Amino acid sequence: MVTKINLARENFPRSETVLLESDKFEVRGWTYPTGIESVKLSSDRVTVEVLPFMGQILWNVEVDGKSLRMENMFTYPQPATEITDTYGCFAFHSGLLSAGCPGPEDTHPLHGEFSCAPFGEAWIEVSEDTIAISGRYEYTKGFGDHYEAKPVVRLHAGESFFDIDMEVTNLSKYQPMPLQYMCHMNYLYEDGAKFGGSLPDSAFTVRSSIPDHVHPTDEWREMLDGLITNPKVEELSKATHYDPEIVWFADNLPQYGEEVSVTMGDYFIEFPSKDFNVGTRWILHNADQKVCAFLIPGTSRPEGAAAARKAGTMIELKAGETRNFHVRTGKRS
Numbered sequence: 004m005v006t007k008i009n010l011a012r013e014n015f016p017r018s019e020t021v022l023l024e025s026d027k028f029e030v031r032g033w034t035y036p037t038g039i040e041s042v043k044l045s046s047d048r049v050t051v052e053v054l055p056f057m058g059q060i061l062w063n064v065e066v067d068g069k070s071l072r073m074e075n076m077f078t079y080p081q082p083a084t085e086i087t088d089t090y091g092c093f094a095f096h097s098g099l100l101s102a103g104c105p106g107p108e109d110t111h112p113l114h115g116e117f118s119c120a121p122f123g124e125a126w127i128e129v130s131e132d133t134i135a136i137s138g139r140y141e142y143t144k145g146f147g148d149h150y151e152a153k154p155v156v157r158l159h160a161g162e163s164f165f166d167i168d169m170e171v172t173n174l175s176k177y178q179p180m181p182l183q184y185m186c187h188m189n190y191l192y193e194d195g196a197k198f199g200g201s202l203p204d205s206a207f208t209v210r211s212s213i214p215d216h217v218h219p220t221d222e223w224r225e226m227l228d229g230l231i232t233n234p235k236v237e238e239l240s241k242a243t244h245y246d247p248e249i250v251w252f253a254d255n256l257p258q259y260g261e262e263v264s265v266t267m268g269d270y271f272i273e274f275p276s277k278d279f280n281v282g283t284r285w286i287l288h289n290a291d292q293k294v295c296a297f298l299i300p301g302t303s304r305p306e307g308a309a310a311a312r313k314a315g316t317m318i319e320l321k322a323g324e325t326r327n328f329h330v331r332t333g334k335r336s
């Protein structure tokens, strides 16, 4: 049996308040000084904080009391329509009509229209052994696209992992819509952590293009040239090499099996390769921000909509069609 508890924005507590408590789970809610509502779901091992009415962003994740979120500059989540204006989160949903960094031919915002989308509906779902937060966002553009999206974050009693799901339905009665999606997890940078998993070293290539937000030095360019020749990196070390960021791509993931599993130290990310065709590794380390997104599952590379269309990785969702995506992540054991 699943119990559903609707969340009402107008009734959200100003200070941290217990909204639900059981033998296995607890839910707390509050409003930040910036006016952003937040919900914290906790099991005995995992705590996930989600912004229910702003993109259902996963603001923070803790496993066994340790935050898995990137080091960042934000004390609180900020009101935003583009993710860089509140880039202090563990994870966000990049998409859905477009995703990633816009290229010269693109007009879409960085990481698409959905990342900070204003949700009108959000709720908690509780069963005997799971607790989840979900919601519904409807996008409508006159003479354009019309879709609904339902993300879900689910915790399991006694487990050190959690699930992130996304369901997208094209609500148009006649026309297809473009669909581009990345489950953009920003894991902490943990010096000395080793990489592993089901993808061979040969799966990864280094991004040679330089986006507008990256300002390279001569030393960085020299290091990048070396990585392009030999992209293999077995562990997190030499932190100064990752300022500016370095990005790797793993394409055509179904060739490596039905399930993809990648690890960094004690942490893992796994997902069906039928859901995500591309994996992106993004590492950045400077005095303000430290992140090792050791694999970001995506339907395409994070290089914008035009690049996805050229590469043949932009999904065309037919009128009335639904597409589902599933990711499991957290701490091993």
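Residues 4 to 336 (our numbering) make up the sequence shown, in order.
Ideal placement from N, C-alpha and C gives every residue a C-beta, glycine not left out.
These numbers were taken from a predicted model, which means no experiment stands behind them.
- If you draw a 10 Å sphere on the C-beta of F146, you find fewer than 16 other C-beta atoms in it, and that means exposed.
- Between V42 and I136, the C-beta spacing is below 7 Å.
- Within 10 angstroms of the beta-carbon of P305 lie 16 or more other beta-carbons, which makes it buried.
- Collapsing the DSSP output to three states places L256 in a helix.
- Listed in chain order, the non-local C-beta contacts of Y140 below 6 Å within the same chain comprise A120, F122 and A152, local neighbours out to five positions each way being set aside.
- The residue from R331, G98 and F117 with its alpha-carbon nearest to that of A308 is G98.
- Counting only the Cα atoms, Y150 lies some 7 Å from T143.
- In this structure, I249 lies near I286, with their beta-carbon atoms less than 7 Å apart.
- Contact between the stretch 287-297 and the stretch 323-336 is not established, with fewer than three Cβ pairs separated by less than 8 Å.
- Rounded to the nearest whole angstrom, the CA to CA distance from T302 to N14 is 37 Å.
- In the DSSP assignment, A152 falls within the unbroken beta strand (DSSP E) covering H149 to H159.
- In this structure, DSSP gives T266 an extended state, which the three-state scheme calls strand.
- Rounded to the nearest whole angstrom, the CA to CA distance from K313 to P154 is 28 Å.
- Here H329 is bridged, per DSSP, to D168.
- In this structure, the straight-line span from the alpha carbon of V265 to that of T172 is close to 29 Å.
- Look at T6 here: in three-state DSSP terms it is strand.
- Contact between P55 and A125 holds, with the beta-carbon distance rounding to 4 Å and staying under 8 Å.
- Taking all protein chains in view, the Cβ of H216 is surrounded by fewer than 16 other Cβ atoms within 10 Å, so the residue is classified as exposed.
- Remark: C-beta atoms of I299 and T283 approach each other more closely than 7 Å.
- By the criterion of a C-beta distance shorter than 8 Å, S201 is surrounded in its chain by Y259, G260, E262, V263, S264 and V265, once the five residues flanking it on both sides are discounted.
- For F164 against T332, the beta-carbon gap comes to about 6 Å, under 8 Å, which counts as contact.
- Scanning W33, E40, N280 and S45 for the CA closest to the CA of M185 turns up N280.
- Closest by C-alpha distance to A206, out of K235, A160, T110 and R17, is K235.
- Counting C-beta atoms within 10 angstroms of its own C-beta, H218 has fewer than 16 neighbours from the protein chains shown and is therefore classed as exposed.
- The criterion of a C-beta distance shorter than 7 Å is not satisfied by G38 and S118.
- A Cβ-Cβ distance of about 6 Å is found for the pair E237 and F198, placing them in contact under the 8 Å criterion.
- Between M73 and L191, the C-beta gap is smaller than 7 Å, which places the two residues in contact.
- Here V21 is bridged, per DSSP, to R31.
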